[in-house]
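Residue 171 in our numbering is what sits at position 165 of the sequence shown, and the numbering runs on without skipping anything. Ideal Cβ positions, reconstructed from N, Cα and C, are used throughout, including at glycine.
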Amino acid sequence: MRTFYIETFGCQMNAHDSEKVIGTLVSEGYAQVENPEAADLVLYNTCSIRDKAEQKVFHRLQQFKKEHGRGKVFGVLGCVAQQEGERIFERAPHVSLVAGSASYSKLPQMLVQLEGGNRHVTGLSLDTGEAFETPYTRRDNPHRAYITIIEGCDKSCAYCVVPFTRGPERSRTSESVLKEARELASQGYREVQLLGQNVNSYRDPSPAGWDFARLLRAMGEVPGIRRVRFTTSHPRDFVKDIVDAIDENPVLCNHVHLPVQSGSTRLLDRMQRLYTRDDYMRRIDWMKKARRNISITTDIIVGFPGETEADFEETLSLLDEVQYDSLFGFKYSRRPNTSALAMEDHLPEEEKSRRLAIVQEKQRMIQIRRNSELVGTVEEAFVEGYNHATGQWIGRTTQNRTLNFIHPVHAGPQDGETLAGGYWNVRITRAGPNSLAGEAVN
Ligand code: SAM
Ligand code: SF4
């Protein structure tokens with residue numbers, strides 16, 4: 007067993023977990039291959055946040071089954087692995103390894119068991135005290151790197167599987183986070199994104215005892231790092247000091263993803279979100295009053311058990327009030343183990359779809375208006391690549407907006423020349439709901 011293939015679904019934490027799993031496997035002498043046919047070990051890193059994501063996993067496992075019998079070993083990692091546990095061996099008997107993210111630090115031992123021929127290897131314990139650190143992480147993006155600062159979640163939102171699939175909160179020491187950032191800077195990375203289900207509850211386990219705002223300030227001082235992003239913020243633990251830190255240092259990106267889920271305090275209470283609409287709006291107010299123009303984005307769930315037309319209207323009025331720069335909208339999906347299972351999932355699928363479509367159309371109009379206000383201004387774009395179809399460089403602003411642009415001198419990546427990884431000032435000439443377009447001015 008010397009080659010492996012890995013496929014990843016789900017959030018940025020999963021994407022970064024896979025990078026660390028790859029690093030661990032490479033350190034153990036495995037080589038990564040690009041398709042399952044060529045691999046001895048086929049790994050599948052899964053998501054179970056909504057029912058649809060989970061269905062996809064079992065469908066894909068059935069497809070993998072065709073490869074079974076050719077001496078391959080299959081492993082299921084991530085949230086579905088943790089949630090379904092050994093039941094996966096029954097549902098998909100060709101699978102030999104089932105491991106949740108809280109067990110990845112034991113991957114080397116699990117590999118030894120697989121190599122020894124054990125065909126039922128599990129890593130399902132959640133009572134780990136540590137975050138997953140690897141001597142080597144294989145990063146996909148050559149310019150922007152993820153850094154985990156906290157794993158797991160100690161909240162108990164009524165709809166959410168994450169506390170069951172990712173276990174309790176474990177913060178990394180500030181020293182180890184900063185060391186990783188300095189190493190990344192020395193390797194040429196200019197942009198880092200701090201990751202956690204709730205970065206705001208970060209608490210340095212070392213005697214320094216830093217909170218998130220303190221860590222953020224220190225990250226903004228790492229020589230060579232030009233942009234620091236972070237996700238996700240839970241509104242309950244979002245403090246004014248975070249806004250102050252962003253105001254003080256332009257290295258800290260002026261973008262905050264602050265998932266609200268609903269505009270109705272009654273529903274927020276049913277969801278066990280631990281804040282009211284007024285509490286949430288106070289946080290929005292801090293950001294709107296900041297010196298820097300902070301971009302705010304969110305997540306919305308429609309059709310949560312008990313959501314009346316009046317509750318839904320409150321979500322719509324919240325969108326009007328906040329004027330988000332972007333949002334992810336979801337139809338409520340019943341999840342195993344969650345407390346909302348005890349509530350009646352009262353709305354038919356069509357009604358959830360109707361509400362979601364209304365949210366998305368309202369938000370689209372808001373984005374068209376907000377983005378068009380930027381026409382004529384100059385923004386700094388970090389270049390991520392080149393789009394041959396449109397003949398534009400693909401950039402991203404500090405507010406996390408896509409800003410595609412043409413360059414009067416560097417028309418395209420002829421002769422291998424590329425602007426990717428660099429920063430350019432771009433005058434915005436056009437705006438759509440989801441992106442901006444412009445022309446480089448330096
Ligand atoms: N920890 C983050 C927070 O609290 O905001 C987000 C975690 S979750 C991976 C991302 C989003 O998925 C949530 O903000 C929520 O909107 C959505 N989500 C989670 N569980 C859901 C469910 N059962 N049905 C529909 N959407 C869900
Ligand atoms: Fe899920 Fe709530 Fe934790 Fe976010 S804070 S991961 S929504 S339980």
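**Report entry** Contact set for alanine 533: own chain, Cβ-Cβ below 6 Å, skip 5 residues either direction
**Finding:** Coverage of the chain is limited to positions 7 through 448, which leaves residue 533 absent and any answer about it impossible.
Requested in this report: Specify, as a first and last residue, the run of the alpha helix (DSSP H) that glutamate 121 falls within.
Outcome: The count along the sequence shown starts at 1 and reaches residue 121 at position 115. First-last of the alpha helix (DSSP H) with glutamate 121: 113-121.
Query raised in the report: Comparing the CB of arginine 279 with every heavy atom of the ligand SAM, is any distance shorter than 6 Å?
Result: Position 273 of the sequence shown, counted from the first residue, corresponds to residue 279. Every heavy atom of the ligand SAM is 6 Å or more from the Cβ of arginine 279, so no.
Query raised in the report: Does the region 283-297 come within contact of the region 161-181, defined as at least 3 CB pairs closer than 8 Å?
Result: Not touching, per the Cβ criterion.
Query raised in the report: Comparing alpha-carbon positions, which option in Arg233, Glu181, Phe138 lies nearest proline 211?
Result: As a first step, residue 211 is located in the sequence shown; it is residue number 205 there, counting from the start. Nearest of Arg233, Glu181, Phe138 to proline 211, Cα basis: Glu181.
**Report entry** Distance CB(valine 389)-CB(arginine 433) smaller than 7 Å
**Finding:** On the sequence shown, residue 389 is found 383 positions in, with the first residue counted as 1. On the sequence shown, residue 433 is found 427 positions in, with the first residue counted as 1. The answer is no: Cβ separation not under 7 Å.
Query - Minimum length 4: unbroken alpha helix (DSSP H) runs contained in the region 249-337 - result: Segments of the alpha helix (DSSP H) lying fully in the region 249-337: 271-276, 283-294, 315-328.
Query raised in the report: According to the Cβ coordinates, are glutamate 175 and isoleucine 156 closer than 7 Å?
Result: If you number the sequence shown from 1, residue 175 lands on position 169. If you number the sequence shown from 1, residue 156 lands on position 150. Between glutamate 175 and isoleucine 156, the CB-CB gap stays under 7 Å.
Query raised in the report: By how many angstroms is the C-alpha of valine 447 removed from the C-alpha of threonine 238?
Result: Counting from one through the sequence shown, the residue named residue 238 turns up at place 232. Counting from one through the sequence shown, the residue named residue 447 turns up at place 441. In a straight line, the C-alpha of threonine 238 is about 33 Å away from that of valine 447.
Report task. Return helix, strand or coil for isoleucine 364, following the three-state DSSP convention. Result -> Numbered from its first residue, the sequence shown carries residue 364 at position 358. Three-state result, isoleucine 364: helix.
Report task. Would you mind sorting valine 415 into buried or exposed? The rule is 16 or more other CB atoms within 10 Å of its CB. Result -> Along the sequence shown, read from residue 1 onward, the residue named residue 415 stands at position 409. Counting the other CB atoms within 10 Å of its CB gives valine 415 a total below 16, which places it among the exposed residues.
Report task. Would you check if there are 3 or more beta carbon pairs closer than 8 Å linking the region 183-191 to the region 220-233? Result -> The region 183-191 is in contact with the region 220-233.
**Report entry** Contiguous alpha helix (DSSP H) assignments of at least 4 residues, all confined to the region 9-74
**Finding:** Counting whole runs of 4 or more residues, the region 9-74 contains the alpha helix (DSSP H) stretches 18-33, 57-71.
Query raised in the report: Can you list, in chain order, the residues of its chain whose CB lies under 8 Å from that of serine 378, leaving out five sequence neighbours each side?
Result: Reading the sequence shown from its first residue, position 372 is the one you call residue 378. Around serine 378: Ala437.
Query raised in the report: Under a Cβ-count criterion, where at least 16 other Cβ atoms within 10 Å of its own Cβ denotes burial, should phenylalanine 371 be classed as buried or exposed?
Result: Your numbering for residue 371 matches position 365 in the sequence shown. Looking at the sequence itself, residue 371 is methionine, so the reference to phenylalanine does not match. So methionine 371 counts as exposed.
Requested in this report: Using three-state DSSP, classify asparagine 440 as helix, strand or coil.
Outcome: The count along the sequence shown starts at 1 and reaches residue 440 at position 434. Here DSSP, grouped into helix, strand and coil, assigns asparagine 440 to coil.
Query raised in the report: Shortest alpha-carbon distance to glutamine 278 belongs to which of Asn147, Met349, Leu200, Arg209?
Result: Taking the sequence shown and counting its residues from 1, one reaches residue 278 at position 272. Ranking the options by Cα distance to glutamine 278, first place goes to Met349.
Requested in this report: Please classify asparagine 343: does DSSP put it in a helix, a strand, or coil?
Outcome: Translated into positions along the sequence shown, residue 343 becomes position 337. Coil at asparagine 343, not helix or strand.
Query raised in the report: Are histidine 263 and asparagine 204 close, meaning C-beta to C-beta below 7 Å?
Result: Numbered from 1 along the sequence shown, position 257 holds the residue referred to as residue 263. Numbered from 1 along the sequence shown, position 198 holds the residue referred to as residue 204. Not a contact, by the Cβ cut-off of 7 Å.
Query raised in the report: Are the Cβ atoms of phenylalanine 318 and arginine 361 separated by less than 7 Å?
Result: Against the sequence shown, residue 318 aligns to sequence position 312. Against the sequence shown, residue 361 aligns to sequence position 355. For phenylalanine 318 and arginine 361, yes; Cβs fall inside 7 Å.
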